[in-house]
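Right, one structure below, let's go through it.
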Amino acid sequence: MKNLRQVRKFIIIKLNQLNMKNGTELIEKNCIKEESEYNK
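Numbered by this note's numbering, the letters in the sequence shown go through residues 61 to 100 in order.
Have a look at this one:
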């Protein structure tokens with residue numbers, strides 16, 4: 061799962077660079093939700 065996490069971090073960083081902070085926060089929440097599902 062590490063590669064997927066790295067890709068997500070990269071996407072989040074790119075969105076931040078585009079000043080889409082609200083969209084990024086939603087994506088981060090979704091990522092945390094998905095990761096907790098995988099960890100079960």
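We put the CB at the ideal spot given by N, CA and C, even for glycine.
By the criterion of a C-beta distance shorter than 6 Å, residue 91 is surrounded in its chain by 68, once the five residues flanking it on both sides are discounted. Judged by their CB atoms, residue 73 and residue 88 are not nearer to each other than the 9 Å cut-off. If you check the CB distance, residue 85 and residue 65 do not come in under 9 Å.
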